Structures are given as structure tokens and as C-alpha cells.
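Residue numbers (this note's numbering): 289 to 509.
Backbone N, C-alpha and C fix where the C-beta goes; we use that ideal spot for every residue, glycine too.
Here the structure is a predicted model, which means the values were calculated and not measured.
A short write-up of the structure that comes next.
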């Protein structure tokens with residue numbers, strides 16, 4: 289385990305190296321040629337599988353404790369570093385595999401109770417993936433709906449144990465998604481109830497926040 293952790297830390301440092309960035313950028317741009325070593329997409333595929341296995345192992349062995357939260361964060365570190373650095377200069381990764389790898393976890397019932405994984409991957413999705421037109425344009429209608437529904441659930445303030453900072457975070461994500469959704473998709477679509485769900489959610493939340501001092505939440509609604 290210690291040796292594996294050292295190898296992961298070494299890998300993370302390499303992914304932050306500008307010389308590695310240049311090498312991978314060039315090889316990714318020449319992906320269809322024979323004269324290359326490795327691409328961002330090939331590296332992504334390997335690290336994605338490694339991360340999924342690590343998360344599954346932790347979930348199998350750990351109870352819901354602070355130490356397990358730390359383990360989840362460590363398991364996600366390599367995956368997050370890869371995406372952050374691959375997309376730092378331009379969106380180098382293929383859109384569909386990237387989007388599906390994150391959304392399949394954060395919208396899964398199996399992971400819904402694991403708040404730290406949802407929080408870490410939601411932050412990654414909003415700040416390092418959906419900030420790019422390339423990736424937003426590849427988001428499918430049902431994925432828009434699933435993400436809005438997820439963040440409505442996460443930002444509801446009925447949960448008394450929910451920290452204001454977390455509630456504000458998810459309400460800001462919901463605001464971000466709605467702003468993108470009205471540009472990239474059709475809220476009037478008869479295929480879903482997302483428009484009604486959003487209005488119902490906002491009505492309930494605003495009513496409950498009338499006497500609230502959670503200003504960071506209020507400004508997002």
C-alpha cells in the first residue's frame with residue numbers, strides 16, 4: 289500500500305510538469321499518427337479504471353467515518369489531477385468518456401450516501417469540465433436533467449445537519465447548470481418535468497429561506 293501511494297504521488301507530480309504537458313498535448317493532437325508515445329486519452333482510460341477500483345475497495349472496507357472520507361479524497365486525487373492538467377490549456381480529453389465517468393458516479397444511487405465523493409466529483413465537473421464549450425455541448429438532455437435533480441436534492445435545506453457552506457455550494461452549482469441549460473437545451477421540452485421540478489423547488493426553498501440568514505444560499509436562488 290505504501291509503495292502504491294508513493295507511485296501515485298510520483299505520477300501526480302509528473303502530471304503537473306509543464307514538460308509532460310507539452311509531450312502529452314503534442315501526442316494527443318497527433319493521435320491518429322504512428323509516431324507518438326502516449327496521449328491524454330490513453331492515460332485517462334487507465335487512471336479512470338484505477339480510480340473506480342480504488343473507490344469500490346474503500347466503500348467495501350470502510351465505514352462512514354472521517355478517515356474513510358480522507359481515503360476517498362486520496363483515491364480521487366490522481367483522477368482529479370489528470371483532468372485539471374489535461375484541460376488547463378485546452379480541452380484535450382474526449383468528451384463522452386470524461387462526462388460519463390463522472391456523472392455515472394455522482395448520479396448513482398449506490399454513491400448517493402457518500403457525500404465526500406459526490407462533493408469532490410461535482411466540484412471537478414463544474415469547475416474543470418463544464419466550464420468548456422466542448423464538454424457542455426456534449427452533455428445529453430437526460431444528463432442535464434439528472435444533474436439538476438441531483439443538485440436540487442443536495443441543496444435542499446430541510447437537512448438540519450447540512451452545513452450552510454455545502455448548501456450554498458450546491459445551490460451555486462444548480463444556478464450554474466440552469467444558466468447553461470437554458471442556452472444549450474430546451475426547458476419547454478414535453479419529454480420531462482424538469483421545468484416544473486425547478487419551479488417547485490425554487491418556490492419551496494424561497495419560502496423556507498424568508499427568515500433565514502443564509503445569505504450565501506439566498507443569493508443563488
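Buried versus exposed, by CB contacts within 10 Å (16 or more), residue i
| i | result |
| --- | --- |
| residue 396 | exposed |
| residue 398 | exposed |
| residue 428 | exposed |
| residue 487 | exposed |
| residue 318 | exposed |
| residue 315 | buried |
| residue 307 | exposed |
| residue 344 | exposed |
| residue 416 | buried |
| residue 446 | Note on residue 446: pLDDT 44, under 50, position unreliable in the model; no value is reported. |
| residue 327 | buried |
| residue 325 | exposed |
| residue 448 | In this prediction, residue 448 has a pLDDT of 48, which is less than 50 and means its spatial position is unreliable; what the coordinates show is noted afterwards. Residue 448 is exposed by the Cβ-count criterion. |
| residue 384 | exposed |
| residue 336 | buried |
Nearest-angstrom Cβ-Cβ length linking residue i and residue j, presumed shorter than 8 Å
| i | j | result |
| --- | --- | --- |
| residue 439 | residue 461 | 5 Å |
| residue 412 | residue 390 | 7 Å |
| residue 482 | residue 433 | 5 Å |
| residue 419 | residue 360 | Not really, about 24 Å apart at Cβ, beyond 8 Å. |
Best match in the options for proximity to residue i [C-alpha to C-alpha]
| i | options | result |
| --- | --- | --- |
| residue 414 | 349, 380 and 457 | 457 |
| residue 442 | 361, 464 and 455 | 455 |
| residue 356 | 405, 329 and 387 | 405 |
| residue 484 | 464, 453, 437 and 459 | 437 |
| residue 369 | 293, 490 and 303 | 303 |
| residue 366 | 459, 470 and 340 | 340 |
| residue 293 | 371, 309 and 342 | 342 |
| residue 375 | 359, 338 and 329 | 329 |
| residue 425 | 453, 309 and 386 | 386 |
| residue 435 | 364, 362 and 468 | 468 |
| residue 332 | 471, 463, 388 and 381 | 381 |
| residue 362 | 305, 346 and 377 | 346 |
| residue 453 | 364, 470, 464 and 407 | 407 |
| residue 492 | 474, 290, 444 and 465 | 444 |
| residue 371 | 334, 490, 430 and 290 | 334 |
| residue 379 | 313, 466 and 296 | 313 |
| residue 338 | 325, 299, 358 and 309 | 299 |
| residue 471 | 421, 459 and 489 | 421 |
| residue 364 | 466, 296, 459 and 490 | 296 |
| residue 519 | 430, 301 and 490 | Outside the displayed range of the chain (289 to 509) lies residue 519, so it cannot be described from this structure. |
| residue 431 | 473, 377 and 350 | 473 |
Discussion item. Which complete beta strand (DSSP E) runs does the segment 324 to 380 hold, if anything under 3 residues is left out?
Written reply: Secondary structure in the segment 324 to 380: no beta strand (DSSP E) run of 3 residues or longer lies completely within the stretch.
Fill in: Ranges of the beta strand (DSSP E) found wholly within the segment 405 to 439, counting only runs of at least 3
Runs of the beta strand (DSSP E) inside the segment 405 to 439: none found.
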